[in-house]
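Below: the structure, in structure tokens.
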Amino acid sequence: MSSQAPRLPKAGETIHGHKFFIGFGGKGANQCIQAARLGVKTAMVCKVGKDFFGDNYIQNFKDNGVHTDFVGQTSDAATGAASIIVNSAGENAIVIVAGANMLLGSEELQKALPAISHAKVLVCQLEISLQTSLQALRMAQENNVKTIFNPAPAIPDLDPDFYRVSDVFCCNESEAELLTGSSVANVEEAHRAGQELLKRGCGSVIITLGPQGCVVLKEQESTPKHIPTTAVTAVDTTGAGDSFIGALAYYMAHCPTMPLEEMAHRANQVAAVSVQAIGTQTSYPFKKDLPAELF
Numbered sequence: 001m002s003s004q005a006p007r008l009p010k011a012g013e014t015i016h017g018h019k020f021f022i023g024f025g026g027k028g029a030n031q032c033i034q035a036a037r038l039g040v041k042t043a044m045v046c047k048v049g050k051d052f053f054g055d056n057y058i059q060n061f062k063d064n065g066v067h068t069d070f071v072g073q074t075s076d077a078a079t080g081a082a083s084i085i086v087n088s089a090g091e092n093a094i095v096i097v098a099g100a101n102m103l104l105g106s107e108e109l110q111k112a113l114p115a116i117s118h119a120k121v122l123v124c125q126l127e128i129s130l131q132t133s134l135q136a137l138r139m140a141q142e143n144n145v146k147t148i149f150n151p152a153p154a155i156p157d158l159d160p161d162f163y164r165v166s167d168v169f170c171c172n173e174s175e176a177e178l179l180t181g182s183s184v185a186n187v188e189e190a191h192r193a194g195q196e197l198l199k200r201g202c203g204s205v206i207i208t209l210g211p212q213g214c215v216v217l218k219e220q221e222s223t224p225k226h227i228p229t230t231a232v233t234a235v236d237t238t239g240a241g242d243s244f245i246g247a248l249a250y251y252m253a254h255c256p257t258m259p260l261e262e263m264a265h266r267a268n269q270v271a272a273v274s275v276q277a278i279g280t281q282t283s284y285p286f287k288k289d290l291p292a293e294l295f
């Protein structure tokens with residue numbers, strides 16, 4: 001559920017908004033759907049409730065060409081939901097309730113193993129239990145599947161093993177700040193935070209910086225690279241990071257020999273399109289809507 005208002009309310013304050021709509025979201029779902037819209041074959045592994053939202057969620061995946069064989073339904077919890085407020089500058093505040101996704105466990109991952117082991121890329125976040133996410137990343141690594149880990153919603157005491165099973169550890173500035181304990185407000189600070197994260201065992205690190213683009217750090221290279229993005233007028237930045245990660249997953253699967261910096265450059269451009277429209281998945285571009293040179 002998303003509301004637009006002139007500003008974000010203060011604690012205890014009620015303000016008037018001017019637009020409200022219900023759409024589909026969730027970090028993993030957003031990332032999966034952005035990748036699918038760019039033309040790569042995708043499958044989602046998650047759990048939804050046996051409720052109105054769960055039924056509609058599954059249909060939305062199908063409508064976007066996402067395989068739903070591993071989307072389970074349960075009566076033991078409601079479908080996960082998020083409440084989003086967007087201000088006039090396009091900035092947002094979000095509260096998520098993971099719901100049924102927290103019941104996803106080893107049994108479901110074993111059922112999905114054939115799909116995971118034959119994938120080119122696995123993307124994980126923290127909207128499911130920590131152990132389930134870590135197990136999925138380990139399963140991918142054991143089967144030589146490239147991994148993207150997005151530590152969101154971020155927690156400060158992340159299990160060190162997450163770094164070691166991440167081919168690409170991709171986070172935004174606030175997540176990098178929480179994980180490293182250092183301010184990440186500009187490119188220089190992102191370089192420092194990225195080097196700290198890289199030391200923890202990742203293959204590479206990408207820190208997204210909104211309108212400042214992103215920084216890319218690789219294990220085998222000593223110099224971090226800043227990848228700027230096109231200046232656009234943001235209407236709604238909700239889900240822009242997920243658009244970036246979905247696009248990155250597409251390029252990793254579709255163009256495995258492309259340098260990571262070029263993948264990030266192109267993913268920046270896809271995400272820049274998403275912030276120019278309202279909503280999360282509703283703002284995500286299809287391949288046909290994007291310049292041919294991105295493909």
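Numbering of the sequence shown is given in the UniProt record's numbering, commencing with residue 1 and proceeding in unit increments. Ideal Cβ positions, reconstructed from N, Cα and C, are used throughout, including at glycine.
Rank the options by C-alpha distance to the C-alpha of residue i and give the top, closest one.
i, options, result
"Pro151", "Ala82, Cys124, Glu196, Thr132", "Cys124"
"Leu217", "Ile227, Gly194, Asp167, Ala271", "Gly194"
"Gln73", "Val40, Thr282, Ala264, Met102", "Met102"
"Ala264", "Phe244, Gln281, Ala277, Thr280", "Phe244"
"Gly54", "Ala29, Thr280, Val40, Glu293", "Ala29"
"Gln4", "Asn64, Asp63, Ile84, Phe24", "Ile84"
"Thr132", "Ala119, Asp161, His118", "Asp161"
"Ala139", "Glu177, Asp159, Ala112", "Reading the sequence as shown, one finds Met at residue 139 and not Ala. The candidate whose alpha carbon is nearest that of Met139 is Ala112."
"Glu262", "Ile58, His191, Glu293", "Glu293"
From what residue to what residue does the alpha helix (DSSP H) around residue i run?
i, result
"Phe53", "52-63"
"His265", "260-274"
"Gln31", "27-37"
"Phe169", "Note, Phe169: premise wrong, no alpha helix (DSSP H); beta strand (DSSP E) at 168-172."
"Ser243", "240-254"
"residue 342", "Because the chain is modelled from 1 through 295, residue 342 falls outside the range shown and cannot be assessed."
"Phe295", "Phe295 -> no alpha helix (DSSP H), and no H or E assigned at all."
"Phe162", "161-164"
What do you get for residue i, buried or exposed, if any count of 16 or more other CB atoms within 10 angstroms of its CB means buried?
i, result
"Phe149", "buried"
"Asp116", "It should be pointed out that residue 116 corresponds to Ile in this sequence rather than to Asp. The residue in question, Ile116, is buried, as its Cβ has 16 or more Cβ neighbours within 10 Å."
"Ser204", "buried"
How far does the beta strand (DSSP E) with residue i in it extend, from its first residue to its last?
i, result
"Leu217", "214-218"
"Ile15", "Note, Ile15: premise wrong, no beta strand (DSSP E); not H, not E."
"Ile227", "225-227"
Is the region 160-179 touching the region 195-211 in the sense that three or more CB pairs, one from each, lie closer than 8 Å?
-> yes
Would you call the region 148-164 and the region 281-295 touching, i.e. three or more CB-CB distances under 8 Å?
-> no
Okay, do the region 261-278 and the region 177-188 touch, 3+ Cβ pairs below 8 Å being the bar?
-> no
What are the complete alpha helix (DSSP H) segments, minimum 4 residues, inside the region 70-145?
-> 106-118, 130-142
Do the region 38-49 and the region 74-84 touch if we need at least three Cβ pairs shorter than 8 Å?
-> yes
Is there contact here, the region 12-27 with the region 218-229, by at least three beta-carbon pairs under 8 Å?
-> no
Counting Cβ pairs, one atom from each stretch, are 3 or more of them under 8 Å apart for the region 240-256 and the region 140-149?
-> yes
Is it a yes or a no for the region 104-121 touching the region 37-47, going by three-plus beta-carbon pairs under 8 Å?
-> yes
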